[in-house]
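Asker:
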Amino acid sequence: MQKRKKIIVVIAIIAVTIVGGIFIYKNSNQPENKEIKTDTSKCKLITDISEKDACYKQIAIEQSDASICGLMTYSDLYSSPVNSKEARDCYIQIAVAKKDFDICKSKLLWGDCYLEVAVATDNVSNCKKLTEDTYKYKCYAKFAEIKKDTSICESIIAISSEFSGSYYKECIAGARDGVNFDKISLDTNTWLTYKNEEYGFEFKYPKEITLIDKIKNGSLFMVMSADLDFSVAADLKSKLYFEDKPGGGGLYYYDEQTNKWMNKGYDDVIREISCNDKYNQFKNIGISLIPIFTTGTGDAGFALSVYFTITDKDFGIEISKGINSETTEKMEQIEDVMLNSFQLINNVKAVKANNCQ
Numbered sequence: 001m002q003k004r005k006k007i008i009v010v011i012a013i014i015a016v017t018i019v020g021g022i023f024i025y026k027n028s029n030q031p032e033n034k035e036i037k038t039d040t041s042k043c044k045l046i047t048d049i050s051e052k053d054a055c056y057k058q059i060a061i062e063q064s065d066a067s068i069c070g071l072m073t074y075s076d077l078y079s080s081p082v083n084s085k086e087a088r089d090c091y092i093q094i095a096v097a098k099k100d101f102d103i104c105k106s107k108l109l110w111g112d113c114y115l116e117v118a119v120a121t122d123n124v125s126n127c128k129k130l131t132e133d134t135y136k137y138k139c140y141a142k143f144a145e146i147k148k149d150t151s152i153c154e155s156i157i158a159i160s161s162e163f164s165g166s167y168y169k170e171c172i173a174g175a176r177d178g179v180n181f182d183k184i185s186l187d188t189n190t191w192l193t194y195k196n197e198e199y200g201f202e203f204k205y206p207k208e209i210t211l212i213d214k215i216k217n218g219s220l221f222m223v224m225s226a227d228l229d230f231s232v233a234a235d236l237k238s239k240l241y242f243e244d245k246p247g248g249g250g251l252y253y254y255d256e257q258t259n260k261w262m263n264k265g266y267d268d269v270i271r272e273i274s275c276n277d278k279y280n281q282f283k284n285i286g287i288s289l290i291p292i293f294t295t296g297t298g299d300a301g302f303a304l305s306v307y308f309t310i311t312d313k314d315f316g317i318e319i320s321k322g323i324n325s326e327t328t329e330k331m332e333q334i335e336d337v338m339l340n341s342f343q344l345i346n347n348v349k350a351v352k353a354n355n356c357q
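So in the numbering used here, the last one in the sequence shown is 357, and the numbering has no gaps at all.
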């Protein structure tokens, strides 16, 4: 009997040990709940609206809980766009932290929100999720800059629009290391030659800079520098024009029927441009002294000069070069040398406008 009791006691101890072990094992394998919810009631007690919203925003971001952004005073993003700036930022920060496009979608935050989330995902294909072309450009450019990969910029050209060329240029420039212009020689014997067989022109450029010649929009073709404000474009003669800034000289355009350059001022009066015009000139440029019409515009910190030449084909050519607050004297010298190296080839001839016969 005594022996039997001992056996029962041993069995009981073993059973308790097993059950206890299982309990400890289960608890030790339970994920630790580190998330400690912060009580938002303290925010309600704050009377100052800015401080109250800052309180909600801080808690929302700490807990990655977009619903708390909705407690902010100006959480309706469209009834008061200016005042709802902090709430908008609250949603965007959480969407980025969670890499969640649905938060952007639920609040109709298509632009910056989708852009920042796409970048956060580190997946360039997510740029396609953006609905506006401008934000798609920015998205591809940001990835190109981060990854130092100019091939990503090709996706911008695939989005055919009026502004794709300028964004493509910015994308290429951002993905590359900067150019030390001071070290570039002005001796064109050390330069490369860009040649366009289709439109019959060529010019020289330093090997240190990058040229972009994939820009086409309808009849327009353009080659531009990614590092300088210098470009050469070819387009139908009927589409050659330049519009000055508001308050300037108005619209300058080529009249193919009369073979003259005309000006439509802001008073809507059309005038033939005088051969001796003080601001708009007819002169010769390049190796072969090509006759051109030149005009331009400018204000504080920026100036643009454009040079038009008419050809004996169905197209004309526009060369533009600009300077801004970041343009150094050496950069301007390089642009001038590039301009003066321009010439027509392949039996393409320049036609002199009748304004100055």
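All residues carry an ideal CB built from backbone N, CA and C; glycine is no exception.
Bear in mind the structure is a predicted one, so any value in this text is a computation, not a measurement.
Given this structure, state the Cα-to-Cα distance separating residue 292 from residue 256, to the nearest angstrom.
Answerer: Whole-angstrom Cα-Cα distance: 15 Å.
Asker: Identify, in the order they occur along the chain, each residue of the same chain with its Cβ nearer than 7 Å to the Cβ of residue 116, setting aside the five sequence neighbours on each side.
Answerer: 92, 96.
Asker: Please report the residue range of the alpha helix (DSSP H) in which residue 222 lies.
Answerer: Premise fails: residue 222 lies in the beta strand (DSSP E), 220-225, not in any alpha helix (DSSP H).
Asker: Counting only the same chain and skipping the five closest in sequence on each side, list residues whose C-beta sits under 6 Å from that of residue 243.
Answerer: Once the five neighbours on either side are set aside, the close Cβ partners of residue 243 are 251.
Asker: From this set, 150, 157, 149, which residue's C-alpha is nearest residue 134's C-alpha?
Answerer: The residue with the shortest Cα to Cα distance from residue 134 is 157.
Asker: Please classify residue 259: does DSSP put it in a helix, a strand, or coil?
Answerer: If DSSP states are grouped into helix, strand and coil, residue 259 belongs with coil.
Asker: With three or more beta-carbon pairs closer than 8 Å as the criterion, would you say the region 318-332 touches the region 295-309?
Answerer: In short, these stretches touch, since the Cβ pair count reaches three.
Asker: Just to confirm, are residue 269 and residue 311 a CB contact at a threshold of 9 Å?
Answerer: In this structure, residue 311 does not lie closer than 9 Å to residue 269 by Cβ.
Asker: May I have the straight-line CA-CA distance separating residue 276 from residue 194, to the nearest angstrom?
Answerer: Going from the Cα of residue 276 to the Cα of residue 194 covers about 33 Å.
Asker: If we call anything under 9 Å between Cβ atoms a contact, is residue 285 one with residue 220?
Answerer: Contact: no.
Asker: According to DSSP, is residue 99 helix, strand or coil?
Answerer: Residue state, collapsed to three classes: coil.
Asker: Can residue 199 and residue 348 be called in contact, C-beta distance under 9 Å?
Answerer: Yes, the pair counts as a contact, with Cβ atoms nearer than the cut-off.
Asker: Using the Cα positions of residue 32 and residue 141, report the straight-line distance between them to the nearest angstrom.
Answerer: For residue 32, the predicted structure reports a pLDDT of 45, less than 50, and the residue's modelled location is therefore unreliable. A value from the coordinates is still provided. Distance between the alpha carbons of residue 32 and residue 141 is about 41 Å.
Asker: Looking only at its chain, what residues have a beta carbon closer than 7 Å to the beta carbon of residue 40, apart from the 5 residues adjacent to it on each side?
Answerer: Around residue 40: 56, 59, 68, 71.
Asker: Please state if the CB of residue 355 and the CB of residue 282 are separated by a distance shorter than 9 Å.
Answerer: Going by C-beta atoms, residue 282 is nearer than 9 Å to residue 355.
Asker: Which residues bound the alpha helix (DSSP H) around residue 358?
Answerer: Missing from the structure shown is residue 358; the chain here goes from 1 to 357 and no further.
Asker: Can you list, in chain order, the stretches of the beta strand (DSSP E) that have 3 or more residues and sit fully within the region 271-334?
Answerer: For the region 271-334, whole beta strand (DSSP E) runs of length 3 or above, ordered along the chain, are 281-285, 290-299, 302-311, 315-324.
Asker: Going by C-alpha to C-alpha distance, which of 153, 210, 98 sits closest to residue 125?
Answerer: Answer by Cα proximity: 153.
Asker: For residue 168, report the span of its alpha helix (DSSP H) as first-last.
Answerer: Segment 164-175, the alpha helix (DSSP H) holding residue 168.
Asker: With DSSP as the reference, identify every bridge partner of residue 204, one or two as the case may be.
Answerer: Answer is 193, bridged to residue 204.
Asker: So for residue 353, helix, strand or coil by DSSP?
Answerer: Correct three-state label for residue 353: coil.
Asker: When the Cα atoms are used, what is the spatial distance from residue 149 to residue 164?
Answerer: Each residue's Cα considered, the two are about 18 Å apart.
Asker: If you reduce the DSSP assignment to three classes, tell me which class residue 214 lands in.
Answerer: Strand at residue 214.
Asker: Go ahead and pull the three-state DSSP assignment for residue 343.
Answerer: Correct three-state label for residue 343: strand.
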